[in-house]
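Read top to bottom, the protein sequences are chains E and A. For any residue, its number in the numbering used here is found by taking its place in the first sequence, counting from 1, and adding 68. For any residue, its number in the numbering used here is found by taking its place in the second sequence, counting from 1, and adding 22. For each residue, glycine too, the CB sits at the ideal point set by N, CA and C. In what follows, a structure is listed as structure tokens, so that the remarks can point back to it.
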Amino acid sequence: MKLRLLLLAAASGFTFAAPVQSDELPACDNCASEMTVVSWGGAYQNSQVKAYSDPYAAMTGVKFIYDESSNEAVAKLRAMNEAGNVTWDLVDVEGPDAVRLCDEGLAMEINADEDLAAAPDGTPASKDFGESLISGCFIPQIVFSTTFGYRTDVAAWNGATPTSVCDVFDLEKFPGKRALEKRPKKNIEWALLCDGVSKAELYNVMETDEGIDRALAKLDTIKDDVIWWSAGADTPQLLADGEIVIGSTYNGRLFSVIEEQKQPVAMLWDYQVFDFDGWIIPAGLPEDRLNRVKHFLKFATDTQRLADQAKYISYGPARASSAPLVGKHEELGIDMAPHMPTDPANMGNILVNNIEWWANYADDVDAKFQAWLAK
Amino acid sequence: MSSTISDPASDGVVRAADGTPLKQRLNRALRREKLRSFLLILPLLAFIVLSFIMPIADMLFRSVENQIVEETIPLTVVALKEWDPASGEAPGEEVFAAFHADFVQAFKDKKHTRLGLRLNYDEPGMSGLFRKTGRPSTKMQPPYKEAFIKVDEDWGTVETWAVIKQASPAYTDGYFLNAVDAHRTAKGIEMVPENERIYLFLFGRTMFLSIVITMSCLLLGYPIAFLLASLPLRSSNMLMILVLLPFWTSLLVRTSAWKVLLQQQGVVNDFLVWIGLVNDADRLIMINNQFGTIVAMTHILLPFMILPLFSVMKTISPNYVRAAKSLGANDWTAFWKVYFPQSIPGIGAGAILVFILSIGYYITPELVGGTSGIFISNRIAYHISTSLNWGLAAALGTILLALVMLLFYVYDKIVGIDNVKLG
């Protein structure tokens, strides 16, 4: 897979020292002096503020207004668009939402090579970002993954540690409660992989009704022992409280439980599911605001800035040229490379979120999944 | 006008100092008064109409609105009128030619993917089909039928076109059908397969849980309200603050507090294990299920029961109970025959308030409900913010609203709305 090669190539260079890049910004003509940036809040938005907005504000004096509505960004953008009053300038969304917004005509299409900075060695942006440019409207920032964390002090496991995603389905060897997301996406894939479906066949099987039934039957085997989460913060909390012994969530959340809060938890990277997160520009911005956003974006998504973000959070930069520049965590002082989902050691088995497939079938599968859950 | 100059006494009309009839002046003053009071409430009225009634009406209208198909591909809609899906063959070249013209225009306006998303509600896969066909459509040459099929074989199937034809009318009952687990097929209206039915079940559960929550609020709230109403003012005010205190605490904090209390490694379980009532290996599961939802929501909605009960009980004179007792009734009879009937208006108000609030509750069931404690409102929220199927969300909302109205009507018939007192 092309993406995998790109990620591997990116990851292999993690240890090189960072070259210094000059921070000269071109002038911005007819640009608004304020911008409203929407993101996810919490540690993630904080990493963006520190790596992108603060340096930019220091250089240009632009005033940033932060909003934490990314969770409902698609619905809110649609409502703003219908009301004819879009108040956001830049919105952080996950890949599938970006595709959706682009399809609805709510996000502006960009030209990667024109709107984004080239790599320091001159590689054009479209090539440097490569496969992460999943939609014509999407400006990628990070690679994150959904994966499992487990407690390292479970007495009932008799010293065994889970090494495969299928251990989640093994109640005999690894008894205890599990946490899974209250959505079909990813759970269906993991269930089928552990039911003997090969990775190559996965989405062909899922396209059939029997495939989904088969996945639900597999999930049935652990249903009584699952706590279903809907917020990314649930699993880390449940793990820390000892409510569950193993659970899925975003890798950055697990990083903070393990390294920042020092809980007895470890990562299970097997069949982590990769996703991209990035910016979209709402469609129909007035010219001065659009100029400002573009000016900011060129700065905020350049090679150095994306690498800087990884100082604050364990998500991998989305452009290949940033990877060698990733260094140590700003406060903990630990090497961030082994904590990146893109580290070769963590990439034994991976899946990449199949946005195209889920865009087509999400509603249908979700109806079945919810009906199954309710039973 | 001539009479204004004449002597007031001569025609019997009472006049003001300037000679106009007093009645006329009075009317004018009254009108001015009315206008002024109307102007005073105008901001509020405008606010309510603009921010409450219009958005709700607009949202409800979406449950039947379906103009997107007709607006995006008008020529195709006309051309498809001639075509009958029962023929078992895909439409001919003239439909494809019309569709091509429509589609290229829609692609230019960036509307083709939007239509694809709409049709995807009816048939999974349409969204991808439309997105895929976008760019190639501009380079197509006639015959268009072959050209479309070359992009994707699905364009040659009867099903694809049957979906488009079926979605063509400007108004649809499809969302309402979906909201009651039905859909329209070639054979007419049918229930969806057993393993996809969810909404009727959730409506039922929402009703059931709301009734249970209302009952438990009443059971817990009645004695407290009774105590508050019968204590002297000083101590009852103190207690009242305790009732109101949780009111002033954030909803999320209170819900999370229940998580900490009720989870398996939580305070309640720890205590039960400590006193030896529960074995450490099988701690009670009290959260992320119906029980958790009922407990947390009863706690949150309890003040809405206590306050109306209290304000009604305050007005019940203790003399009645005393009179009953002096006539030989024991404590229970005096309460049940004399006091309780007088408190019914408070029960009515509290029950309506709690029931209607809980039927539309969303955030607490989402956080503590697990899978067995979620409400229909959680599905509405999902369709509003995640699947973006606002038509279906509107249909579900309309049904919920109609259900509440119906219950309100039944309630009026049984209890009588005049019997409801909020204070």
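Residue of the options minimising C-alpha distance to residue i
i	options	result
ALA247/A	ASN411/A, PHE223/A, PHE326/A, TRP183/A	PHE326/A
GLU175/A	GLN188/A, ILE186/A, SER190/A, THR155/A	THR155/A
ALA251/A	PHE430/A, SER73/A, LEU329/A	LEU329/A
GLY196/A	TRP183/A, THR182/A, TYR342/A, GLU212/A	GLU212/A
LYS436/E	LYS253/E, MET148/E, ASN179/E	LYS253/E
GLY110/A	ARG305/A, LYS281/A, ALA184/A, ILE233/A	ALA184/A
ALA318/A	VAL180/A, TRP280/A, THR236/A, GLY147/A	TRP280/A
GLU92/A	PHE118/A, PHE83/A, ARG53/A, ILE186/A	ILE186/A
LEU441/E	LEU248/E, ARG146/E, PHE212/E	LEU248/E
PRO191/A	SER380/A, LEU249/A, ILE95/A	ILE95/A
GLN312/A	LEU222/A, THR393/A, GLY372/A, ALA169/A	THR393/A
GLY314/A	GLU116/A, SER159/A, VAL390/A	VAL390/A
MET103/E	TYR112/E, THR128/E, ALA111/E	THR128/E
ARG357/E	ALA224/E, LYS144/E, PHE132/E	PHE132/E
TRP108/E	ALA141/E, TYR124/E, SER101/E	ALA141/E
ILE220/A	ASP432/E, ASP309/E, GLY315/E	ASP432/E
TRP425/E	GLY210/A, ASN49/A, LEU151/A, GLY288/A	LEU151/A
THR337/A	PRO367/A, TYR404/A, ARG54/A, TYR433/A	PRO367/A
TRP258/E	GLY279/E, LEU201/E, SER200/E	GLY279/E
According to DSSP, residues forming a beta bridge with residue i
i	result
GLN209/E	GLN209/E is not bridged to any residue.
GLY217/E	GLY315/E, MET335/E
TYR134/E	VAL105/E
GLY346/E	VAL161/E, PRO208/E
MET213/A	ALA204/A
ARG37/A	PRO43/A
LYS133/A	Bridge partners of LYS133/A: none, in fact.
LEU143/E	The sequence shown places Ala at residue 143/E, rather than the Leu named in the question. Looking at the DSSP assignment, ALA143/E forms no beta bridge with any residue, so it has no partner.
GLU87/A	TYR193/A
LEU419/E	VAL341/E
ALA368/E	Answer by DSSP bridge pairing: none, since ALA368/E is not bridged.
ALA43/E	Chain E is shown from 69 up to 443; residue 43/E falls before or after that span and cannot be answered.
LYS396/E	ASP403/E
PRO385/E	ILE210/E
Supposed contact pair residue j and residue i - C-beta distance, whole angstroms, cut 8 angstroms
i	j	result
ARG168/E	LEU307/E	About 31 angstroms; that fails the 8 angstroms criterion.
SER194/E	CYS170/E	Not quite, the Cβ-Cβ distance comes to about 16 angstroms (not below 8 angstroms), so this is no contact.
VAL273/E	ASP338/E	Actually they do not touch by this definition, with Cβ atoms about 20 angstroms apart.
GLN285/A	ILE309/A	5 angstroms
ILE348/E	VAL159/E	5 angstroms
LEU365/E	VAL154/E	The pair is not a contact, with the Cβ atoms about 17 angstroms apart (cut-off 8 angstroms).
LYS250/E	SER298/E	5 angstroms
VAL105/E	SER121/E	7 angstroms
PRO406/E	TRP156/E	Incorrect: roughly 36 angstroms between the Cβ atoms, too far for contact.
ILE423/E	GLY163/E	6 angstroms
PHE367/E	ASN421/E	Not a contact, Cβ separation roughly 28 angstroms.
GLY198/E	ALA388/E	7 angstroms
ARG461/A	GLY173/E	Past the edges of chain A, shown from 23 to 445, lies residue 461/A, and the structure says nothing about it.
ARG84/A	ALA416/A	4 angstroms
ALA386/E	VAL211/E	6 angstroms
PHE225/A	ILE398/A	5 angstroms
GLY346/E	PRO208/E	4 angstroms
VAL295/A	ARG305/A	7 angstroms
PHE121/A	THR98/A	4 angstroms
Worksheet item: Looking at chain A, which residues of the region 413 to 434 of chain E have a Cβ within less than 9 angstroms of any of its Cβ atoms?
Response: GLU424, TRP425, ALA427, ASN428, TYR429, ALA430, ASP431, ASP432, VAL433, ASP434
Worksheet item: Along the region 171 to 202 of chain E, what residues have a CB closer than 9 angstroms to any CB found in chain A?
Response: If the cut-off is 9 angstroms between Cβ atoms, the region 171 to 202 of chain E has ASP171, GLU172, GLY173, GLU177 near chain A.
Practice prompt. With 9 angstroms as the C-beta to C-beta threshold (strictly closer), list the residues of the region 142 to 159 of chain E near chain A in chain order.
Written response: VAL142, ALA143, LYS144, ARG146
Practice prompt. Scan the region 302 to 325 of chain A for residues whose Cβ lies nearer than 7 angstroms to a Cβ of chain E and list them as they occur along the chain.
Written response: ASN310
Fill in: Completely contained alpha helix (DSSP H) runs for the region 347 to 407 of chain A, where each covers 4 or more residues
362 to 381, 385 to 390, 398 to 407
Discussion item. Give the list of continuous alpha helix (DSSP H) stretches no shorter than 4 residues that lie fully inside the region 180 to 211 of chain A.
Written reply: 180 to 188, 196 to 201
Worksheet item: What are the residues of the region 294 to 328 of chain E that lie near chain A, defined by any Cβ-Cβ distance shorter than 7 angstroms?
Response: Going along the region 294 to 328 of chain E in chain order, one finds ILE295, TRP296, SER298, ASP309, GLY310, GLU311 with a Cβ nearer than 7 angstroms to chain A.
Worksheet item: Mind pulling the beta strand (DSSP E) runs of 3 or more residues that sit fully within the region 232 to 316 of chain E?
Response: 246 to 249, 294 to 297
Worksheet item: Which of the residues in the region 147 to 168 of chain A, read from start to end, lie with their CB under 7 angstroms from any CB of chain E?
Response: GLY147, SER149, GLY150, ARG153
Discussion item. At a CB distance below 8 angstroms, what residues from the region 226 to 250 of chain E approach chain A? Give them in sequence order.
Written reply: LYS245, LYS250
Practice prompt. Select from the region 379 to 401 of chain E all residues with a C-beta closer than 7 angstroms to any C-beta belonging to chain A, and list them in chain order.
Written response: Per Cβ criterion, the list is empty.
Worksheet item: Given a limit of 9 angstroms on CB to CB distance, which residues of the region 254 to 270 of chain E reach chain A?
Response: none
Item to complete: Could you please tell me which residues of the region 354 to 383 of chain E, in chain order, have their CB closer than 9 angstroms to any CB of chain A?
Response: Residues: none.
Item to complete: May I ask you to list, following chain order, the residues of the region 275 to 294 of chain A that have a beta carbon less than 9 angstroms from some beta carbon of chain E?
Response: LYS281, VAL282, GLN285, GLN286, GLN287, GLY288
Practice prompt. Name, going along the chain, the residues of the region 91 to 118 of chain A whose beta-carbon falls closer than 7 angstroms to a beta-carbon of chain E.
Written response: none
Discussion item. Short of 8 angstroms Cβ to Cβ, which residues in the region 132 to 143 of chain A face chain E?
Written reply: LYS132, LYS133, THR135, ARG136, GLY138, LEU139, ASN142, TYR143
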